[in-house]
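Line order of the protein sequences matches chains A and B.
So for the first sequence, this note's numbering puts the first residue at 18; every next one is plus one.
So for the second sequence, this note's numbering puts the first residue at 762; every next one is plus one.
Built from N, CA and C at the ideal position, the CB exists for glycine as well.
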Amino acid sequence: DAGVIQSPRHEVTEMGQEVTLRCKPISGHDYLFWYRQTMMRGLELLIYFNNNVPIDDSGMPEDRFSAKMPNASFSTLKIQPSEPRDSAVYFCASSLNPGADTQYFGPGTRLTVL
Amino acid sequence: AQKVTQAQTEISVVEKEDVTLDCVYETRDTTYYLFWYKQPPSGELVFLIRRNSFDEQNEISGRYSWNFQKSTSSFNFTITASQVVDSAVYFCALSVMDSSYKLIFGSGTRLLVRP
């Protein structure tokens with residue numbers, strides 16, 4: 018299996034621009050998670066989906082962030098407008114059943130907002 | 762509330778030394794899972810082990826071993842005969858049903874293995 022795929026791997030943008038991060042989960046995994054890693058807050062969950070439906074978005078920092086999962090093999094995390102404090106590494110993870118299975122992480126997208 | 766504490770921010774050892782990374786967790790749930798992930802300098806998160814709350818058996822995988830003790834709420838990780846390639850940040854994580862099984866990470870321990 019190819020594992021969780023994320024794109025782009027690096028993104029540099031200017032404040033105010035829209036940013037879209039993409040994720041392809043492992044085939045057959047019903048759960049998809051978006052995490053953010055920063056020096057100040059460490060690794061934290063933003064949102065997760067089960068069977069393409071958002072279940073818990075309590076970690077999404079504010080309305081500038083939105084996430085979608087139009088089908089079982091694709092998800093996006095969008096920031097509009099972006100701000101310098103959004104600079105972080107964004108990880109996507111997928112799992113068969115997080116209660117009894119492991120979450121496998123993608124390589125991450127390093128976002129820099131200037 | 763759930764919490765994971767990795768009190769060791771950074772550890773430096775010389776190659777071939779044994780090293781133990783500490784992890785202490787807090788939860789009121791009786792069913793939970795504990796994990797260790799490795800984050801090498803390249804940045805990805807690599808899964809190492811998952812342990813459920815009903816299985817207190819220690820586990821060994823090559824040079825890696827894990828000690829799970831519910832009495833002290835600890836899930837410590839030992840690397841025997843460390844190697845330079847073990848240099849990375851290691852994260853301990855907890856997931857519980859009441860939190861929708863999201864991973865709650867500790868702050869990580871940076872391990873530097875010097876030649």
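- Please report how far the alpha carbon of Ala19 of chain A lies from the alpha carbon of Leu38 of chain A, in whole angstroms. 18 Å
- Step through the CB atoms of chain B and report whether any lies within less than 8 Å of the CB of Thr119 of chain A. yes
- Message: Please classify Gln818 of chain B as buried or exposed, where buried requires at least 16 other C-beta atoms within 10 Å of its C-beta.
- Response: exposed
- Determine the closest residue to Arg60 of chain A out of B:Ser848, B:Gly869, B:Leu782, B:Asp816, with distance taken between C-alpha atoms. Reading off the sequence shown, one finds Leu at residue 60 of chain A, where the question assumed Arg. Of the listed residues, the one whose Cα sits closest to Leu60 of chain A is B:Gly869.
- What residue from A:Cys109, A:Met32, A:Tyr65 has the CA that sits closest to Arg81 of chain A's CA? A:Met32
- Can a CB atom of chain A be found closer than 8 Å to the CB of Leu806 of chain B? yes
- Message: The beta strand (DSSP E) that contains Asp73 of chain A, what's its start and end?
- Response: 70-73
- Query: Relative to the alpha-carbon of Leu113 of chain A, which residue among A:Pro42, A:Lys95, A:Leu94 has its alpha-carbon at the smallest distance?
  - Reply: A:Pro42
- Query: In three-state terms, what does DSSP make of Lys831 of chain B?
  - Reply: helix
- What residue from B:Val874, B:Leu873, B:Arg875, B:Gly867 has the CA that sits closest to Gln54 of chain A's CA? B:Gly867
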